[in-house]
Structure formats: C-alpha cells, structure tokens
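Undergrad: Could you have a look at this structure, given as structure tokens, before my questions?
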Amino acid sequence: MWYEPRSPNAPRRVWRDWVLLGVLPLVALLEGVVRPDMPSRVISVSLAVGLVPTLLWRRTQPLLMVLIAFGLSGVAQVLAGGDSPESNTMIYLLLLPYALFRWGSGREAIIGLAVILVKATFSVVVDYPGPGDTIAAFAVVFSVSAVGATFRYRTRARTRELDQVKLLEREQLARDLHDTVAHHVSAMAIRAQAGLATAASRPDAATEALQVIEAEAAQALAEMRAMVHVLRRNAPADLAPGRSIADLSQLESPAQSGPSVQVEIEGDIVGLPPSVEAAIYRLAQESVTNARRHARHATRVLVRVSADDTSVRLNVSDDGDPVRPAGTPGYGITGMIERADLLGGTCVAGPNPDRGWSVTAVLPRAGVAR
1 MWYEPRSPNA PRRVWRDWVL LGVLPLVALL EGVVRPDMPS RVISVSLAVG
51 LVPTLLWRRT QPLLMVLIAF GLSGVAQVLA GGDSPESNTM IYLLLLPYAL
101 FRWGSGREAI IGLAVILVKA TFSVVVDYPG PGDTIAAFAV VFSVSAVGAT
151 FRYRTRARTR ELDQVKLLER EQLARDLHDT VAHHVSAMAI RAQAGLATAA
201 SRPDAATEAL QVIEAEAAQA LAEMRAMVHV LRRNAPADLA PGRSIADLSQ
251 LESPAQSGPS VQVEIEGDIV GLPPSVEAAI YRLAQESVTN ARRHARHATR
301 VLVRVSADDT SVRLNVSDDG DPVRPAGTPG YGITGMIERA DLLGGTCVAG
351 PNPDRGWSVT AVLPRAGVAR
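Under full-length UniProt numbering, think of the first position of the sequence shown as 1, with each following residue one higher.
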C-alpha cells in the first residue's frame, strides 16, 4: 500500500464545497452563542471556523489538510489547558480522513492515519472521556476511512472493467479490419496468379490483372492505415471478410417471443469501406440485443441506416416503456462508443422524448480511424 498512487481525476472544487464554506462558519458561530456548556468557547469556535477552508483542498492535498487540521486541534487542546475542543460543528473534519483514503496515495494515507491516531491518543490521554466515548471515537475514524477506501477501490474496479470493455472492442474492430485486409491481399494474390497463368495466351491479361491488383492494393492500404490504430492480440484463422450492412437483414424477426425487428436502409451504401460496414452491423447488433433484453413492453425495434456523401448514420429505436436517463453508461454502450470513436465517429444512447430508447451512431464514410 505504501507505493499506491493517488486516485486519478480528483475534482478540485464542486458546488458542495462552496456551500460548506458558507454555511459551516455560521453554524459554528451560532453554536458558540447558544450552547451554554461549551468548554473553552473562544478557542473551540475559532478552531471550528478557522479549519473550514481545509475542505477546499481535501481532495488535491489530503495529507497536508489532515496535518493542518489535526495538528492545530492538538495545539488548541494544549492552549485550552487539556480540554478537548467540543464544538459539534467540527464533525465536518471527518471529511478529511475520508478524502485521505479516497484520493490520497498509499503513503499519504498511512502517514495521515498515523497523525490522526496520534492526535486521538493524545486527546484520550490528556482528557479521558471514558471507555464508551473512546471506543466510539476510534470506531468512527476507522469507519470513515474504510468508506473512503471502499469508494476508491470500487471506482478503480469499474475503471478496469471499462478499460477491458474498450480493449475487447478494439480487438473486435482489429479482427474485422484484419479480415478485410487479408481478403484484399488474398484477392491480389489470386489475380496475380491468374494473370501469370494466362499471360502467354492472352497478353492483355497481365494489364487487366495489374488494374485489379492496383484497386485491391489501394483498398488494402486504406484498411491497413485504420488497423494500425487499433490494438489487437490474436489473428483469426479464416480470411473471409467481416460483416456488412447487407447482413443487417439477419437481425429482422417477427414479434413472437419479443419485439419485432425491422431494418430500413436508405441512401447509397455501395463502396463503403468494410470497416465501416462491419462497425454499423456490430453497433446495430448490440443495440437490438440490448432492446430485446431491457426494453419493457416493447413491440417494435426499428433499425434505420442512411448514407450520404460524407457519413453513414445508424439509428436503432424501440417503443418500450418510458425510461429514466442512466447515470453511468453500461459496458455495452461503452463498447459501442469506443468502436465509433476509433473510426472517427460518434455514438449516443439515451431515452426518447416519449417512449423507448434510441442509439444513434454517425460514422465518416471514409472510415478513417483516429
């Protein structure tokens, strides 16, 4: 744990921080006025108000804020003659150990926890509150720290799962691209062999073969440029080209055990790069699968593909029950977004204004990967 790095993407400030900064000092002052049994009133209120700004840096500088807050708390206890500052408002300091374990590095968490425990032990020794309060204080500190660590590792686990989804999508796209490139190279080799075999009897056969090879080579090079942008591990054994838009008809089905699936294709889809066709098919396939699995009371799923001179657009929508927007996209949607992004396009999924759910993807016709 000592070498554990900090959690990435720690937010510097959020609106809640400014609310706390504005409210907590007022609450501390109000408690100092209305609470008659507050020991060392001036010191307690001053400490409660003065430590509020540490909340603004608790995510970006968690160890430093712990050192400042608990160090000054120890100094204040000494100045108060050993009495612990007992402002109830200072419960906000529990946000510091939470942030320490949520956002800090392993080294910071260990050092910060040691500082907190030293301060807590000092308070118990100097101003012993009894066994019940002592156990409760240590239990609260450890519980808050455990909650911070739990959120930290749960977020990390989800990040790893999302990275795995993206990697698998990259591998699938690379597999499709590999298939199409291998198909073009195989066609070039076969055409060259045919030209050589007929060159003696048909002198023009060599010229025709070269023209075909040139066209296939240009297409293969375009696909190769896309493939070098994608991570891939294993090569498929076959050399057949991948799925195409024409295969979308296989997704159609009548309304028997689920919603019916209809496919509509508009525009000129002739001459699309195989990578774009394969991506359109995979996106539609995943969208239809999601609709069949999750769209409640849906009777129809419509798959519409339209192409123009610059782009190819896919829209898959269902007429299921109204749904609320999801806070975090699922792994299937994440994979679709990753596939579209690799080809320089976009993919958006969300609820329809009236009923159901839609997935809309727009890919450049050239199929250029980023």
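Cβ atoms here follow ideal geometry from the backbone N, Cα and C, with glycine treated the same way. Computed from a predicted structure; not experimentally measured.
1) Taking only heavy atoms of the ligand NAP into account, decide whether any of them is closer than 7 angstroms to the Cβ of W103.
2) Give me the Cβ distance between S358 and N315, rounded to the nearest whole Å; I'm assuming they're in contact under 8 angstroms.
3) In this structure, how does DSSP classify I269 when only helix, strand and coil are distinguished?
4) How long is the line joining the alpha carbons of P11 and I213, rounded to whole angstroms?
5) Please check the pair R160 and V276, which I expect to be a contact at CB under 8 angstroms, by giving their CB distance rounded to whole angstroms.
6) By how many angstroms is the C-alpha of I190 removed from the C-alpha of D308?
7) Is there contact between the segment 86-97 and the segment 30-47, where contact requires at least three CB pairs shorter than 8 angstroms?
8) Could you pull the start and end residues of the alpha helix (DSSP H) that T289 belongs to?
9) By alpha-carbon positions, which one of G148, G132, A80, P259 ends up nearest to W103?
10) Does Q250 come out as helix, strand or coil in the three-state DSSP assignment?
11) Among the candidates V261, S260, A246, whose CA atom is the shortest distance from the CA of D268?
12) For V49, count the other beta carbons within 10 Å of its own beta carbon; 16 or more makes it buried, fewer makes it exposed. Which is it?
13) Whole-angstrom Cβ separation of V52 and L30, contact assumed at under 8 angstroms?
14) If we count the other Cβ atoms within 10 Å of its Cβ and call it buried at 16 or more, is E252 buried or exposed?
15) Does the beta-carbon distance from G82 to V126 come in below 8 angstroms?
16) In chain order, what residues of the same chain have a beta carbon less than 6 angstroms from the beta carbon of M38, not counting five sequence neighbours either side?
17) How many angstroms separate the CA atom of P241 from the CA atom of A278?
18) So, do the segment 62-72 and the segment 93-109 have three or more beta carbon pairs nearer to each other than 8 angstroms?
19) Along the chain, where does the beta strand (DSSP E) that runs through residue 398 open and close?
20) For N9 and R152, I'd like the C-alpha separation in whole angstroms.
21) Fully enclosed by the segment 3-36, which alpha helix (DSSP H) runs are 4 residues long or longer?
22) Which of helix, strand or coil does DSSP assign to P322?
23) With a threshold of 8 angstroms between beta-carbons, can V305 be considered close to chain B, or not?
24) Just confirm the distance between the C-beta atoms of R137 and A120, as a whole number of angstroms; I'd bet it's less than 8 angstroms.
25) What does DSSP give as the partner residues of W103 in its beta bridges?
26) With a Cβ-Cβ cutoff of 8 angstroms, do G112 and L100 count as a contact?
27) Please identify the residue among P36, L56, F122 whose C-alpha is closest to the C-alpha of V75.
TA: So, from the data block:
1) Ligands in the displayed structure: none, and consequently the ligand NAP is not present.
2) Here residue 358 refers to the residue found at position 358 of the sequence shown. Here residue 315 refers to the residue found at position 315 of the sequence shown. At roughly 6 angstroms, the Cβ-Cβ gap stays under 8 angstroms, so S358 and N315 are in contact.
3) Residue numbering aside, residue 269 sits at position 269 when the sequence shown is read from its first letter. Note: I269 maps to coil in three-state DSSP.
4) Translated into positions along the sequence shown, residue 11 becomes position 11. Translated into positions along the sequence shown, residue 213 becomes position 213. When rounded, the distance between both Cα atoms is 55 angstroms.
5) For the purposes of this step, residue 160 is taken as the residue at position 160 of the sequence shown. For the purposes of this step, residue 276 is taken as the residue at position 276 of the sequence shown. Wrong, their Cβ atoms sit about 30 angstroms apart, outside the cutoff.
6) Translated into the one-based positions of the sequence shown, residue 308 becomes position 308. Translated into the one-based positions of the sequence shown, residue 190 becomes position 190. The straight-line gap from Cα to Cα measures roughly 33 angstroms.
7) yes
8) The count along the sequence shown starts at 1 and reaches residue 289 at position 289. That run of the alpha helix (DSSP H) goes 274-294.
9) Translated into positions along the sequence shown, residue 103 becomes position 103. It is G148 whose Cα lies nearest to the Cα of W103.
10) Indexing the sequence shown from 1 puts residue 250 at position 250. Note: Q250 maps to helix in three-state DSSP.
11) Indexing the sequence shown from 1 puts residue 268 at position 268. Comparing Cα positions, the closest option is A246.
12) Counting from one through the sequence shown, the residue named residue 49 turns up at place 49. The residue in question, V49, is buried, as its Cβ has 16 or more Cβ neighbours within 10 Å.
13) Sequence index remark: in the sequence shown, residue 52 carries index 52 (1-based). Sequence index remark: in the sequence shown, residue 30 carries index 30 (1-based). In fact, because the Cβ distance is near 14 angstroms, the residues do not count as touching under 8 angstroms.
14) Here residue 252 refers to the residue found at position 252 of the sequence shown. So E252 ends up on the exposed side.
15) Position 82 of the sequence shown, counting from 1, holds the residue named residue 82. Position 126 of the sequence shown, counting from 1, holds the residue named residue 126. Going by C-beta atoms, G82 is nearer than 8 angstroms to V126.
16) Taking the first residue of the sequence shown as position 1, residue 38 is located at position 38. Closer than 6 angstroms at Cβ, skipping near neighbours: S44.
17) Residue 241 sits at position 241 when you count from the first residue of the sequence shown. Residue 278 sits at position 278 when you count from the first residue of the sequence shown. Unreliable placement is indicated for P241, whose pLDDT of 46 sits below 50; the coordinate value is still reported in the next sentence. Going by the C-alpha atoms only, they are around 9 angstroms apart.
18) yes
19) Beyond the ends of the chain as shown, which are 1 and 370, falls residue 398; an answer cannot be given.
20) Mapped onto the sequence shown, residue 9 falls at position 9. Mapped onto the sequence shown, residue 152 falls at position 152. Cα to Cα, the separation comes out at about 12 angstroms.
21) 15-34
22) Position 322 of the sequence shown, counting from 1, holds the residue named residue 322. Looking at P322 - three-state DSSP - the assignment turns out to be coil, as it is neither helix nor strand.
23) Here there is only one protein chain, and chain B is not present.
24) Residue numbering aside, residue 137 sits at position 137 when the sequence shown is read from its first letter. Residue numbering aside, residue 120 sits at position 120 when the sequence shown is read from its first letter. First, the residue type needs correcting, since residue 137 is Ala and not Arg in the sequence shown. About 6 angstroms; that satisfies the 8 angstroms criterion.
25) What you label residue 103 is simply residue 103 of the sequence shown in a count that begins at 1. In the DSSP output, where bridge partners are listed per residue, W103 has none listed.
26) Sequence index remark: in the sequence shown, residue 112 carries index 112 (1-based). Sequence index remark: in the sequence shown, residue 100 carries index 100 (1-based). Yes, the pair counts as a contact, with Cβ atoms nearer than the cut-off.
27) For the purposes of this step, residue 75 is taken as residue 75 along the sequence shown, with counting starting at 1. Selected option, being the one with the closest Cα: F122.
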